[in-house]
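Below is one structure, written out as structure tokens; comments come after it.
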Amino acid sequence: MNLAQLLDRLESEPGFRQHVTLWHTLEAQDARTVPVPPHVDPRLTQALWARGIENLYSHQGQAAQALADGHDVVVVTPTASGKTLCFNLPVLNECLRDPEARALYVFPTKALAQDQLQELHGLVDEMGVDIKTYTFDGDTPAAARRTIRSSGHVVVTNPDMLHQGILPHHTAWVKLFENLRYVVLDELHHYRGVFGSHLANVVRRLQRICRFYGSDPQFICCSATIANPVEHAEKLVGKSMKLVDDNGAPRGRKHIVFYNPPVVNAELGIRRSVIKEAVRLAKPVLETGSQVIVFGRSRMRVELLLTYLRYAMRQLKKPASKVRGYRGGYLPNERREIERGLRSGEVLAVASTNALELGIDIGQLDVCIMAGYAGTVASTWQQAGRAGRRRTESLAILVASSAPLDQYVIEHPEFFLESTPEAAIIDPDNLAILLSHIKCAAFELPFEEEERYGQTSSREMMEYLAEHGVVHNSGGKWHWVADTYPAEDVSLRSAVIENVVIIDTTRSHRVIGETDLFSAQLLLHDDAIYLHEGAQYHVDKLDWERKEAYVRSVSVNYYTDAQMKTDIHTLDTFVEEPVPAGRKGHGEIGLITKATMFKKIKLQTHENLGVGKIHLPELEHHTTSYWWMLDESLELQLRDEGLSLGDGLKGLAHLLGQVAPLYIMSDPADIRAIPMVRAPLTGTPAVFIYDTYPGGVGFARKLFDLHQLLLDAARELLRRCACPSGCPSCVGSALEAGDLAKNSAARLLRLATAAQVAQG
Amino acid sequence: MRSLRDRLSQFDPTPTKGRKKSRPTSKVEAGRDVDSLIDAGFEWQGSPPTGYLRSEFSLEEKSWPGSPHEVIPRDAWLRLTGETELPPPPWGVIDTETTGLDSGTGTMVFLLGVVLWEETGAKAVQYFLPEPAAEARMWADVVDEFANVGAWISYNGKAFDLPRLRTRMALQRREAEIFLRPHLDLIHPCRRLARDWLVDGRLQTMEQAFLGHTRSDDLPGWEVPEVYYTYLVDGEDTGLDRVAEHNRWDIENLLRLSACISDCFLDRPQARPLPPVARFQLGRALHARGICDDASVHLERVVEEGDADLASRSRLLLSQIYRRLTRHPEAEAHLRAVVHAQPEWVDPHVELAKLLEHRLRDVPGATNAAEAALNALRRRMDLQARSSARDEEFVRALVHRLARLRRKAERAAEA
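So the protein lines, in turn, are chains B and S. When we follow my numbering, the leftmost residue of the first sequence carries the number 3, and every step to the right adds one. When we follow my numbering, the leftmost residue of the second sequence carries the number 211, and every step to the right adds one.
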């Protein structure tokens, strides 16, 4: 049986078709090409010819033209569309024109940087010219660094290295900064939330240093498909961008299939295991000898997938060694070997985390199976893009898990196929982040008195820093005057400012993880039962001063559930508008949380075995929030209908928190939703959704804009959910949200819409 | 919207490391009170905010060790730096005080001290930066004043002071060529001599050992940045004179130390007598530079003066030197002495076997030595819980050598 026959079989198999919510076929597309522009150096044109590239795809041509016209560009095209030539072509061409010219490539991970370099080396070798390309990261040997700094034409690095290793030492990179023509930012959609807000500031510092050395590089950004590529790139780079998105690359016929495993427990909203279903679907593919990649969402899932896939191979009497695993934690050599094996066909199947989602070259495979929704549409398309040969047919299957987001997406395929609604959100002006980087910037170069930094004048910040003895005004400039290196204190990727470290004392002292303070007060208070990778631990002591929790492995028949008192006060309302059934708002809030007590609850029966007090200080932080204040009258109205406002709000908060990532590309830890029966000041019922990062990085603002869309999505999710009275896939389990949560939340959402209709 | 000021107040911007003290806003006009430096002989060059302070003292005759080329002639320069070309005088003995130890651009050099070592005398020149705005003018004048310096002498300047000076030049968009001139960094020869002899390789430790000089009331280096920040931010000049004094001690002592080290490396009569452990390292250093004659003189002395272990280590080096000089009998004598004194050491047996086989054509002697090596190696391996791959390889090589020696012996017998 070959792939085409397998497709026929699947299409006609009722047991399979019954659970398919989408079978979409993208027809084959021919290449649309343009000639290599005349301004390209003949040596480069010839090197391209030698590699079989006689013409450019339309988007490559557009990018080349836009850059030649002096624009900064953002290229948005799918995986395997020849995106890298969009930047390699202008960069190499410029290096040929002027041997002094320099370019800086920034990739989000080290592995990706290595891979991109190989492609660049290939073209340079083909031309036989002296263009030096190097990676500069934490692994670069000290001896090589000097050469790279002075003579590298193209320096490939990552944001962290740029932030800590290059910018604070810019005087060692004079050649690079004096002659910097292009900065390439690849995988732009990864730079979102806190990480993206940090990166935008790293870019500001980079541009500041370039100005000092008299250069003004053009930016070439590349992104997967998101709702706001231009806006996002402009926020990151602070310049206006030209969009290049007319993908001219050819592709073969491609099938996209959404598969929702059958329900096994309606009450709990549990479906058949996503892992087992993915393996079951992979098995006939392995039989055809087609190459397949199976994506799992965590390392643990990937290991499970690997075990099952190998078992399947043995059943098929094929060598299990042709199935490989791929994830962070594997050694670089091993990874290279697997990548080569995939390209050569030696490896038949690979189970991988999103490590292979990024542009690492493994060639194109026949089939991609995604065991669970990747979290964003952009990532899903990138994963699906792993299957797709230019000439033959390919297949990508998304297998949904029971998680609400998975269920929403699988039930709303149009969401996936039509133009994507999800936006990358950053706020480069988050005060905590801004302040961190303005310190780094002051260390790098003194600030002029009236110098602008990003959107704001630096003056007030400098005065504040001067009061704390961090900078000092001399001769009209602010100079760094502390004996430390500020970049060392700033991590670009950490979404939380302070963590509690979890130490397992069962045998010796071993750190098993860490968690943010907010979660720590709920999960790691004294006598809590903490769950870690399926094992139970008793918390012997939470040392709040030192931010350490000492835990010990135990086996008990109960879990603990902590109660939290949350107090929200509005510090500043930026904007508030009437909406159906209430008002929506956006502003700054003060949030005080305090864990008060916990219950011990017996497993299975959920009996209450006892309670304990939690003695921890209050946590207070300031951040930005979106809120929906509901009309007070709703409380009575719901009560009259035998429903509960409290349960409804809890369910609503859960729902809104679940659907928000559909629009704002947030990770679960980025935002939190809180229901309040009586909001402060107004006393009205409300739901707050706030940025967990102090000060916020823009999620709340965007949610405010999306208010109606969010409610619509929440209502849809609720309507489609098969559970009788609430489950984790919609309003949360009845245990958490209350028995009336589902019906009450549905009623609230209907009222919001009815009012809208009435108003309209 | 709340004011930026109000929102900022929730953050403590002081770095997590380093200074903990938070400072009240200073009411004094900061950065102008430099009386303690004026009293110490500094003079304003220009006026604030772009002017800076400079001091200049001719060194007394007794502090001048002689002309640079007499004190550190070509031979000494080669022995100390490995470079054959002797730079022309004057030389600059250099040391800086900085606002921190980090190498980034935010670390300022606020005090530069140079002893200008000329053919007829020496003078100590110090530049003090009263505030950052004075950098442009000060560094321009520094570059002018030291334009004809032929070489720098420092203590750890290659890794620390000079790179920071080049950073300051780059920030002024200035050519840094003068800070790329030939450089004798005394930390390397000093650390070598200090290795098994002194507690550490710090400059103060070397001063004690070579100049017999202990600094009293010297400002500890780690306090230096704090003194400068206190001055800069609060306008409080307490301690600045001590920083300047500390810096001057550094450069003047460094000048004398360079003469002492040169004496040692040239084995001049006035050189400080070295204990055997230091003399052994000196011999090693000279041997590493290929200066075999003098290396052997020192090592022969260590054989006489040192303990058994040190004597054996010296003999091993000597055997290498003599072998290279084709003085094979002497090489053999030293090796035989080592294998006699240290029968457990494997390498000397092997070296002896090689020497006897290839140079002295003594096959039976070489066989004995190789057998002794194998025995010593096996004894060593018996003592270890697990044999290392390297030792296994070593055994194989020795067995191979023995087999070859036996074949040679058989061929000799046949002949």
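Yeah, the Cβ is synthetic: ideal placement off N, Cα and C, and Gly gets one too.
ask   = Going by DSSP, what residues sit across from P580/B in a beta bridge?
value = R585/B
key: Cβ contact (3+ pairs, closer than 8 Å) linking the segment 318–329 of chain B and the segment 410–420 of chain B   = no
request  = Could you run through the segment 425–458 of chain S and flag, in chain order, every residue whose CB is less than 7 Å away from some CB of chain B?
outcome  = P435, Y439, L442, V443
task = Show which residues of chain B have a CB atom less than 8 Å away from the CB atom of A350/S.
result = The premise fails here: A350/S is roughly 15 Å from chain B at the closest Cβ pair, so nothing lies under 8 Å.
ask   = Cα separation between L308/B and E395/B?
value = 25 Å
inquiry  = How far does the beta strand (DSSP E) with K479/B in it extend, from its first residue to its last?
reply    = 479–482
task = Check the Cβ of P219/B against every Cβ in chain S and list those closer than 7 Å, keeping chain order.
result = Those do not exist, as P219/B stays about 19 Å from chain S at its closest Cβ, beyond 7 Å.
ask   = Near L377/S, which residues of its chain fall below 7 Å by C-beta distance, leaving aside the five closest residues on each side in sequence?
value = It is Thr, not Leu, that sits at residue 377/S in the sequence shown. T315, listed in sequence order.
message = Could you tell me the alpha carbon to alpha carbon distance between E102/B and A144/B, rounded to whole angstroms?
response = 24 Å
The segment 686–694 of chain B / the segment 721–739 of chain B touching (three or more Cβ pairs under 8 Å) = no
query = How big is the Cα-Cα spacing for L713/B and R461/B?
reply = 42 Å
key: Which of helix, strand or coil DSSP assigns to G347/B   = coil
task = Compare the C-beta of G762/B against all C-beta atoms of chain S and say whether one is closer than 7 Å.
result = Its pLDDT being 40, under 50, G762/B is placed unreliably by the model, and nothing is read from it.
task = State yes or no: is the beta carbon of E307/S nearer than 7 Å to at least one beta carbon in chain B?
result = no
ask   = Going by C-alpha distance, which of V577/B, I594/B, V541/B, K604/B is nearest N559/B?
value = K604/B
query = Should Q480/S be labelled buried (16 or more other beta-carbon atoms within 10 Å of its own) or exposed?
reply = exposed
query = Less than 7 Å separating the beta-carbons of V108/B and P231/B?
reply = no
Distance between I272/B and Q166/B (C-alpha atoms, nearest Å) = 46 Å
Cβ shell of H456/S (< 7 Å), same chain only, five flanking positions each side left out = D428, L429
task = Inspect the beta-carbon positions of V434/S and E307/S and report whether they are closer than 7 Å.
result = yes
inquiry  = Suppose the cutoff is 7 Å on Cβ atoms and the five residues either side in sequence are ignored; what does the same chain contact list for I364/B look like?
reply    = E341, L344, R345, L358
request  = Please list the residues of the segment 332–358 of chain S that have a C-beta atom closer than 7 Å to any C-beta atom in chain B, keeping them in chain order.
outcome  = E341, P342, A343
ask   = Does the segment 211–226 of chain B come within contact of the segment 374–388 of chain B, defined as at least 3 CB pairs closer than 8 Å?
value = yes
task = Examine chain S for any beta-carbon lying closer than 7 Å to the beta-carbon of H588/B, and answer yes or no.
result = no
message = Let's test the definition: count the other Cβ atoms within 10 Å of the Cβ of D649/B and tell me whether it reaches 16, buried, or not, exposed.
response = buried
inquiry  = Would V186/B pass as an interface residue toward chain S - the criterion being a Cβ-Cβ separation below 7 Å?
reply    = no
message = Does any residue of chain B have a CB that is nearer than 7 Å to the CB of R384/S?
response = no
query = Which ranges does the alpha helix (DSSP H) cover as unbroken runs of at least 4 residues, wholly within the segment 329–402 of chain S, from first to last along the chain?
reply = 345–355, 371–381
request  = Throw me the rounded Cβ distance for the R717/B and T755/B pair, which I believe falls under 8 Å.
outcome  = 7 Å
message = Taking the alpha carbon of L742/B as the reference point, which residue from S555/B, K652/B, V246/B, E189/B has its own alpha carbon closest?
response = K652/B
key: chain B within 7 Å of G261/S, Cβ atoms only   = no
Extent of the continuous alpha helix (DSSP H) run through K319/B = Careful: K319/B lies outside any alpha helix (DSSP H) and carries neither H nor E.
task = Note the first and the last residue of the continuous alpha helix (DSSP H) segment covering N95/B.
result = 86–99
query = Pick from M315/B, R255/B, V205/B, R641/B: whose alpha carbon is nearest that of K241/B?
reply = V205/B
message = Residues in the same chain with beta-carbon distance under 7 Å from Q414/S, minus the five sequence neighbours each way, listed in chain order, please.
response = R425
message = Three Cβ pairs or more, each shorter than 8 Å: is that satisfied between the segment 247–257 of chain B and the segment 66–84 of chain B?
response = yes
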